[in-house]
Amino acid sequence: MTDWLLEPLQFAFFQRALVAAVLAGVTCALVGSYVVLKGLAFIGDAIAHAAFPGVVAAFVVGAPYVIGGGLAAFFSAIAIGWVSRRGRLRVDTAIGVVFVGAFALGILMFSRIEGFVGELFGFLLGNVLAISAETLVSLLLLGGLVIAIVLLLWKELLYATFDPLGAAAAGLPVSKLDYLFLGLIAVTIVVSLQAVGIILVVAMLVTPAATAQLLTVRFSRLVPGATAIGAATAVGGLYLSYWLDAPSGATIVLLQTAVFLAVLLLNPRTGLFARRNASDAASA
Amino acid sequence: MSQPGEDPAFDRHAHPHAHPDERRLPTVGAAVEAGHARAHADVWLSQVSAGYGDRPALEDVSIAIEAGTLLAVVGPNGAGKSTLLKVMAGLLRPWRGRVEVLGAPPGREAARVAYVPQAETVDWHFPVTVGDVVMMGRYPLLGPLRRPGRHDRRHVDEALEQVRMSDHRNRQIGALSGGQRRRVFLARALAADPALYLLDEPVTGIDATTQEELMDILEVEARRGRTVIATTHDLACAAQRFQRVAMLNRRVVAHGPASLVLDGELLARTYGGHLLQLPGGTVLLDDAHHHDQPAGEGEQHYHDDAAP
Numbered sequence: 055m056t057d058w059l060l061e062p063l064q065f066a067f068f069q070r071a072l073v074a075a076v077l078a079g080v081t082c083a084l085v086g087s088y089v090v091l092k093g094l095a096f097i098g099d100a101i102a103h104a105a106f107p108g109v110v111a112a113f114v115v116g117a118p119y120v121i122g123g124g125l126a127a128f129f130s131a132i133a134i135g136w137v138s139r140r141g142r143l144r145v146d147t148a149i150g151v152v153f154v155g156a157f158a159l160g161i162l163m164f165s166r167i168e169g170f171v172g173e174l175f176g177f178l179l180g181n182v183l184a185i186s187a188e189t190l191v192s193l194l195l196l197g198g199l200v201i202a203i204v205l206l207l208w209k210e211l212l213y214a215t216f217d218p219l220g221a222a223a224a225g226l227p228v229s230k231l232d233y234l235f236l237g238l239i240a241v242t243i244v245v246s247l248q249a250v251g252i253i254l255v256v257a258m259l260v261t262p263a264a265t266a267q268l269l270t271v272r273f274s275r276l277v278p279g280a281t282a283i284g285a286a287t288a289v290g291g292l293y294l295s296y297w298l299d300a301p302s303g304a305t306i307v308l309l310q311t312a313v314f315l316a317v318l319l320l321n322p323r324t325g326l327f328a329r330r331n332a333s334d335a336a337s338a
Numbered sequence: 086m087s088q089p090g091e092d093p094a095f096d097r098h099a100h101p102h103a104h105p106d107e108r109r110l111p112t113v114g115a116a117v118e119a120g121h122a123r124a125h126a127d128v129w130l131s132q133v134s135a136g137y138g139d140r141p142a143l144e145d146v147s148i149a150i151e152a153g154t155l156l157a158v159v160g161p162n163g164a165g166k167s168t169l170l171k172v173m174a175g176l177l178r179p180w181r182g183r184v185e186v187l188g189a190p191p192g193r194e195a196a197r198v199a200y201v202p203q204a205e206t207v208d209w210h211f212p213v214t215v216g217d218v219v220m221m222g223r224y225p226l227l228g229p230l231r232r233p234g235r236h237d238r239r240h241v242d243e244a245l246e247q248v249r250m251s252d253h254r255n256r257q258i259g260a261l262s263g264g265q266r267r268r269v270f271l272a273r274a275l276a277a278d279p280a281l282y283l284l285d286e287p288v289t290g291i292d293a294t295t296q297e298e299l300m301d302i303l304e305v306e307a308r309r310g311r312t313v314i315a316t317t318h319d320l321a322c323a324a325q326r327f328q329r330v331a332m333l334n335r336r337v338v339a340h341g342p343a344s345l346v347l348d349g350e351l352l353a354r355t356y357g358g359h360l361l362q363l364p365g366g367t368v369l370l371d372d373a374h375h376h377d378q379p380a381g382e383g384e385q386h387y388h389d390d391a392a393p
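So the protein lines, in turn, are chains R and Y. Counting from 55, one number per residue, gives the positions in the first sequence under our numbering. Counting from 86, one number per residue, gives the positions in the second sequence under our numbering.
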């Protein structure tokens with residue numbers, strides 16, 4: 055058992071991967087707590103896919119993928135807000151248009167690249183074991199920025215999420231907070247791209263927060279709970295990835311899904327053995 | 086903020102014209118003596134039109150509400166009651182007309198305004214407790230960098246005490262009854278210690294005891310010089326518990342002392358086909374609270390229209 059845990063740790067690449075995976079797990083869970091409450095899971099998925107052309111473009115010109123993916127994710131987040139407002143469309147419609155369009159652009163660019171494209175596949179499916187030290191440093195800076203902003207504005211974000219009308223009437227800049235939050239989602243996705251990949255990153259945002267939501271009815275416990283689940287599953291999933299020789303994105307996300315299902319089925323409030331009058335028990 | 090004597094609204098209350106009984110009777114057509122009313126009003130609207138998309142909800146609304154007034158806004162579904170509150174709260178920018186709230190454009194004095202939305206617009210599954218919701222009333226006063234402190238917790242304690250919800254502080258809001266939910270949202274408004282309350286249907290769909298208790302609290306706030314503006318479907322409550330009534334049907338049909346809601350002709354003009362007048366003066370209203378149009382539409386647009 056101890057060997058099982060310690061053996062991979064002697065490799066520098068595994069240590070870097072561990073830091074990157076935990077960073078992604080924590081950042082995603084923190085931002086994801088609000089994503090789940092705002093009902094923005096679909097937006098998270100969209101922004102992740104829309105980052106793809108940016109990642110490909112960065113690969114083509116030899117720039118860091120963090121910059122290319124980050125810019126594409128950021129502008130697609132802004133574009134979603136802009137299209138829904140200008141066109142007076144429902145937000146999910148605007149998301150559908152922007153996200154598939156951007157992803158199609160990424161596929162077109164991808165198909166033009168000659169030769170080996172394994173590294174790009176890593177961004178689609180996640181390959182955190184290949185992360186470089188330079189990339190890790192930039193991810194730590196970006197992830198730290200997201201965490202700092204959320205910790206600074208947690209109560210404003212909470213009020214604006216719970217009751218946007220009441221918050222706006224009381225003077226909180228609700229639409230600015232909405233745009234800021236889309237930006238935070240975009241940066242969070244860039245931070246997580248290498249760990250879990252574009253296709254699976256939405257699970258990192260949604261699943262730990264959804265699991266925590268099964269366990270508590272208090273926001274002050276939801277966020278630490280989601281963060282703990284995000285970090286623990288990132289570590290566990292990375293070990294699975296190492297020992298099973300499987301993509302890290304798949305193992306991390308599968309572990310999160312398994313934890314979610316276990317909680318759903320065994321939870322005294324929601325599970326198979328749920329008691330009646332459960333809402334009272336949950337508030338205790 | 087917490088010192089009533091420093092509150093300009095409090096001083097204005099002392100003005101001799103402030104007492105409702107001295108005002109002339111129903112200002113039908115809402116003719117306000119412009120300059121005088123504006124100078125003494127906490128909320129002042131002049132020829133305001135507003136709506137969503139290209140659908141008008143308010144047309145040519147002029148009204149002046151003095152500090153310390155307990156005002157009910159009544160009218161049928163779709164009369165623009167909620168829209169009127171949103172314009173006052175700075176959530177909806179009017180198409181035309183001028184608005185002043187606490188002596189400034191709407192939204193400028195937001196920290197002194199407490200707005201409580203309709204119960205239907207709240208996500209009751211949201212993982213927050215009663216105490217969390219009431220504490221939100223303090224957030225705008227704190228600014229982004231400060232965490233709630235002892236002073237804020239005291240305001241929350243007092244507000245919970247006032248609405249008699251102290252024992253439920255740690256319950257998730259979805260576990261509450263309809264009346265308890267309205268109590269919690271009123272407590273959130275009380276905790277903010279505002280000069281102006283804008284309450285959308287605060288006593289709709291709740292039991293008589295809760296209604297009486299909440300109205301007692303609002304009466305005390307008005308007596309302290311706070312202005313309370315509440316929409317309601319309950320004409321009996323408007324007539325018995327409010328000082329003044331504004332009857333709205335896109336336009337202000339009438340605005341004056343609460344006794345005016347007992348006027349059959351004004352009711353007929355406000356409610357139109359919803360009203361059945363029986364010989365002998367009994368009035369039947371068929372106006373259960375519901376949304377003909379999905380409530381979401383107004384909510385979805387508020388981001389675009391919110392005043393800076």
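The beta carbon of each residue, even a glycine, is placed where N, CA and C say it ideally should be. All of these numbers come straight from a predicted model, not from anything done at the bench.
For residue i, which residues does DSSP report across the bridge?
i: Trp129/Y; result: Ala149/Y, Glu185/Y
i: Asn334/Y; result: Arg336/Y
i: Gly136/Y; result: Pro141/Y
i: Arg70/R; result: Per DSSP, none; premise fails for Arg70/R.
i: Ile306/R; result: DSSP lists no partner for Ile306/R.
i: Gly175/Y; result: Its beta-bridge partners do not exist; DSSP assigns none.
i: Leu156/Y; result: Ile314/Y, Arg329/Y
i: Pro342/Y; result: Arg329/Y
i: Ala199/Y; result: Tyr282/Y
i: Thr214/Y; result: Gln257/Y
So with CB distances below 8 Å, who are the chain R contacts of residue i?
i: Asp252/Y; result: Result: empty, since nearest Cβ-Cβ is about 12 Å, beyond 8 Å.
i: Asp139/Y; result: What Asp139/Y touches in chain R: nothing, since even the nearest Cβ is about 11 Å away.
i: Leu176/Y; result: Leu219, Ala222, Ala223
Count the other CB atoms, across all protein chains shown, that sit within 10 Å of the CB of residue i; report buried if there are 16 or more and exposed otherwise.
i: Val191/R; result: exposed
i: Ser344/Y; result: exposed
i: Ala240/R; result: buried
i: Pro229/Y; result: exposed
i: His236/Y; result: exposed
i: Ala156/R; result: buried
i: Val245/R; result: buried
i: Pro62/R; result: buried
i: Ala42/R; result: Past the edges of chain R, shown from 55 to 338, lies residue 42/R, and the structure says nothing about it.
i: Thr214/Y; result: buried
i: His210/Y; result: exposed
i: Ser302/R; result: buried
i: Glu58/Y; result: Here chain Y has residues from 86 to 393 only, and residue 58/Y is not among them.
i: Val305/Y; result: exposed
i: Ser186/R; result: exposed
i: Phe327/R; result: exposed
i: Gly124/R; result: buried
i: Ala71/R; result: buried
i: Gln378/Y; result: Interpretation of Gln378/Y is limited by its pLDDT of 40, a score under 50 that renders its predicted location unreliable; the figure taken from the coordinates is listed afterwards. Under this definition Gln378/Y is an exposed residue.
i: Gln132/Y; result: exposed
i: Ile167/R; result: exposed
Let me make sure I understand the geometry here. Which of the options has the alpha-carbon closest to that of residue i?
i: Lys209/R; options: Ser87/R, Ala75/R, Phe157/R; result: Ser87/R
i: Arg256/Y; options: Ala277/Y, Gly264/Y, Ala244/Y, Gly216/Y; result: Gly216/Y
i: Ala202/R; options: Glu61/R, Val80/R, Val109/R, Gly303/R; result: Val80/R
i: Leu176/Y; options: Ala277/Y, Pro190/Y, Glu151/Y; result: Pro190/Y
i: Gln69/R; options: Ala184/R, Leu247/R, Leu219/R; result: Ala184/R
i: Val289/R; options: Pro278/R, Gly279/R, Val307/R, Gly122/R; result: Val307/R
i: Asp242/Y; options: Asp348/Y, Leu170/Y, Arg254/Y; result: Arg254/Y
i: Ser274/R; options: Gly163/Y, Arg197/Y, Val218/Y, Gly165/Y; result: Val218/Y
i: Arg140/R; options: Gln296/Y, Gly138/Y, Pro179/Y; result: Gly138/Y
i: Gly93/R; options: Asp232/R, Ile283/R, Val271/R, Ile252/R; result: Asp232/R
i: Phe128/R; options: Val89/R, Phe235/R, Val256/R; result: Phe235/R
i: Ala223/R; options: Ala196/Y, Leu333/Y, Arg183/Y, Gln325/Y; result: Ala196/Y
i: Thr287/R; options: Asp57/R, Gln64/R, Val73/R; result: Val73/R
Can you name the residues of chain Y whose CB is closer than 7 Å to the CB of residue i?
i: Thr270/R; result: Pro212
i: Leu318/R; result: Chain Y residues near Leu318/R: none, gap ~16 Å exceeds 7 Å.
Run through chain R and tell me which residues come within less than 9 Å of residue i, C-beta to C-beta.
i: Val198/Y; result: Ala223, Ala224, Gly225
Just to make sure I have the definition right: I need the residues of chain R whose C-beta is within less than 7 Å of the C-beta of residue i. Which are they?
i: Tyr224/Y; result: Lys209, Glu210, Tyr213
i: Val207/Y; result: Asp217
* To do: Run through the stretch 240–293 of chain Y for me and flag every whole beta strand (DSSP E) of 3 or more residues, listed as ranges in chain order.
  => 281–284
* Asked: Mind pulling the alpha helix (DSSP H) runs of 4 or more residues that sit fully within the stretch 215–298 of chain R?
  -> 218–223, 228–250, 255–269, 273–298
* Please list the segments of the alpha helix (DSSP H) lying wholly inside the stretch 143–197 of chain R, counting only runs of 4 or more residues, in order along the chain. => 145–166, 172–179
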